[in-house]
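Listed in order, the protein sequences are those of chains A and B.
Going by our numbering, the first sequence opens with residue 12, and the numbers climb by one from there.
Going by our numbering, the second sequence opens with residue 64, and the numbers climb by one from there.
Note that the Cβ used here is the ideal one computed from N, Cα and C, for glycine as well.
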Amino acid sequence: MTKSSPERPLSPHLQVYRWPVTMLTSITHRFTGIGLGLGFLLLACWLVALSLGEGPYEAVQAFHRSFIGRFLLLGFSWAVIFHLFNGIRHLFWDAGMGFEKETADRTGWVVLALSVVVTLALWWIAYPMGGL
Amino acid sequence: MKTATKKQRGLGAAKQGVHHFWAQRMTAVALVPLVLWFIYSIMQVVGAPYLVALDYMKEPHRVVLMVLLIWASMSHLRIGLSEVVEDYVPDHGMNAAAKMLVTFFCALIGVTCLYAILRIAFVA
């Protein structure tokens, strides 16, 4: 067997392939899904604290106002919104709609942009409400 | 196999092969309005004092919708995480263990949230 020369073209591979936006949204859907599973712990803590009384509730609220708390909530809210929008995109695909390459690329960019814009808009509304 | 070959031949598949696929789509469709409602609702109580948040979450229709949200979310999460395990954990033993862990995690979080919701509704 002769050694292959380095000039020969490489087969498409994750590390050499220029990512189309559909690949990016696909793996982001999976990551946000996993993240939402972990993020559900935040909701569980909030609900349990609210059910237990004012002390636990205030403690959880204080954590939400901390730097780490805000960071986690920001990530969680973006993950919810991205997974929701991209999930709707997936449901259209399942119904056989929007699966053409150009359409799938366009809706991919729309979902990414919209998820960021909507997340920031919601935080912009919520921020003055609760000192979050 | 439950049925003798001569009896089952020609009857086709049991139509159970797409169970997870279908369940994932059903919970997804249910979660679209539920999550939109949840985002709207949570925006109403951001940073709210204890009693305000408690009264808000006690409201009967919110209790019902929260139970549905948690139920649908945990069913959806269980299938989704199991799919991830199926893709990335090739070893049979590890695969089974990881799927069990996924199921236990979803059940634990789900039941904890449901307990809290019911406590908010009837006790707190």
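Interface residues of the region 45-71 of chain A facing chain B [CB-CB below 8 Å]: ILE45, LEU47, GLY48, PHE51, LEU52, LEU54, ALA55, LEU58, VAL59, LEU61, SER62, LEU63, GLY64, GLU65, TYR68, GLU69
Between A/ALA70 and the rest of its own chain, which residues show a CB-CB distance below 8 Å, the 5 nearest in sequence each way excluded? Within the same chain, A/ALA70 has close Cβ partners ALA60.
Chain-ordered neighbours of A/ARG41 on chain B, where CB pairs are closer than 7 Å: VAL147
Minimum Cβ-Cβ distance from A/ILE136 to chain B less than 8 Å: yes
Three or more beta-carbon pairs under 8 Å between the region 121-141 of chain B and the region 38-53 of chain A, yes or no? yes
Unbroken alpha helix (DSSP H) run spanning B/SER136, endpoints: B/SER136 -> alpha helix (DSSP H) spans 123-151.
Buried or exposed: which applies to B/THR90, given that a residue is buried once 16 or more other Cβ atoms fall within 10 Å of its Cβ? buried
Touching by the beta-carbon criterion (3+ pairs, under 8 Å), the region 152-172 of chain B and the region 103-118 of chain B: In short, these stretches do not touch, since the Cβ pair count stays below three.
Within 8 Å of chain B by C-beta, residues of the region 96-114 of chain A in sequence order: GLY98, ILE99, HIS101, LEU102, ASP105
Check A/SER88 in the structure and name its three-state DSSP category. helix
Coarse secondary structure for A/GLU18, derived from DSSP in three states: coil
Is B/SER138 close to chain A, meaning its C-beta is less than 8 Å from at least one C-beta of that chain? No, B/SER138 does not count as interfacial toward chain A.
Checking 8 Å against the spacing of the C-beta atoms, do B/ALA179 and A/SER62 come in under that value? Yes, Cβ-Cβ distance for B/ALA179 and A/SER62 is below 8 Å.
Of all the CB atoms in chain B, is at least one closer than 8 Å to the CB of A/VAL128? no
Between A/LEU133 and chain B, is any beta-carbon pair separated by less than 8 Å? yes
Using a cut-off of 8 Å between C-beta atoms, extract the partners of B/TYR151 located in chain A. Neighbours of B/TYR151 on chain A: none; closest Cβ ~10 Å, over 8 Å.
Could you tell me whether any Cβ in chain A is nearer than 8 Å to the Cβ of B/LEU117? yes
Contact list for the region 85-96 of chain B against chain A, Cβ threshold 8 Å: Result list: ARG88, ALA91, VAL92, LEU94, VAL95.
Check the Cβ-Cβ distances between A/VAL121 and every residue of chain B, and say whether any is below 8 Å. no
Would you say B/ALA179 reaches chain C, if we count a Cβ-Cβ gap shorter than 8 Å as a contact? Of the protein chains in this structure, namely A and B, none is chain C.
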